[in-house]
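See structure below.
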Amino acid sequence: MKSQLSISESEWQVMKILWSHAPQTLPEILHQLRQTAWSKTTIQTYLARLVKKGALRTERQGKGYLYYPAISESDCRMAESRSFLSRVYDGSLSQMVMGFVKSGDLSPEELRELKNLIAQQEEIHADTRQDL
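Numbering (our numbering), first residue to last: 1440 to 1571.
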């Protein structure tokens, strides 16, 4: 897999199907994407791009292929997040988080979760310093 994986919104839809259940054949993937109104050729193009990018791998089965994710959903999200962070916030995670907090778009539950994550990280860092 390339270190700078970048997949389109449409490719994300394809990947989500394969992350939820793999392996799958082209007919199975077409069936799950029937609501998109994409043609078979379009879906085959997305699959070929994802294979070329290293996000999917294939295995020959009869006249067709089985498609498998070559990267986990969490790893793919992390790669996309790092790319976004680098492009939009010059790599500053704190600037991004502060921007979301200041925007007022976070729900009370999301704010609680964020506070809990910060508290957990503070404990981890405090424990690490004590071990030194």
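For each residue, glycine too, the CB sits at the ideal point set by N, CA and C.
Bounding residues of the alpha helix (DSSP H) (the contiguous stretch that carries residue i)
{"i": "T1484", "result": "K1479 to K1492"}
{"i": "G1538", "result": "L1532 to S1542"}
{"i": "R1473", "result": "Neither: R1473 is in no alpha helix (DSSP H) and is coded neither H nor E."}
{"i": "I1456", "result": "E1448 to S1459"}
{"i": "L1545", "result": "First-last for L1545: undefined, no H or E at that position."}
Where the beta strand (DSSP E) containing residue i begins and where it ends
{"i": "R1499", "result": "L1495 to Q1500"}
{"i": "G1573", "result": "With the chain represented from 1440 up to 1571, any question about residue 1573 goes unanswered, as that position is not in the structure."}
Buried/exposed call for residue i, threshold 16 Cβ in 10 Å
{"i": "P1508", "result": "buried"}
{"i": "Q1474", "result": "exposed"}
{"i": "I1482", "result": "buried"}
{"i": "L1532", "result": "exposed"}
{"i": "E1548", "result": "exposed"}
{"i": "M1454", "result": "buried"}
Beta-carbon proximity check, residue i vs residue j, cutoff 7 angstroms
{"i": "L1465", "j": "G1503", "result": "yes"}
{"i": "A1494", "j": "I1510", "result": "yes"}
{"i": "L1489", "j": "E1498", "result": "no"}
{"i": "Y1528", "j": "M1535", "result": "yes"}
{"i": "S1445", "j": "Y1485", "result": "no"}
DSSP beta-bridge partners of residue i
{"i": "Q1559", "result": "Q1559 pairs with nothing; no bridge assigned."}
{"i": "T1575", "result": "The first residue shown for the chain is 1440 and the last is 1571, placing residue 1575 beyond what the model contains."}
Distance between residue j and residue i (C-alpha atoms, nearest Å)
{"i": "H1470", "j": "W1477", "result": "11 angstroms"}
{"i": "G1530", "j": "Q1500", "result": "43 angstroms"}
{"i": "V1540", "j": "S1520", "result": "17 angstroms"}
{"i": "G1538", "j": "P1462", "result": "39 angstroms"}
Residue i Cβ short of 6 angstroms to the ligand GTP heavy atom set
{"i": "R1526", "result": "Among the components modelled here there is no ligand, and therefore nothing to report on the ligand GTP."}
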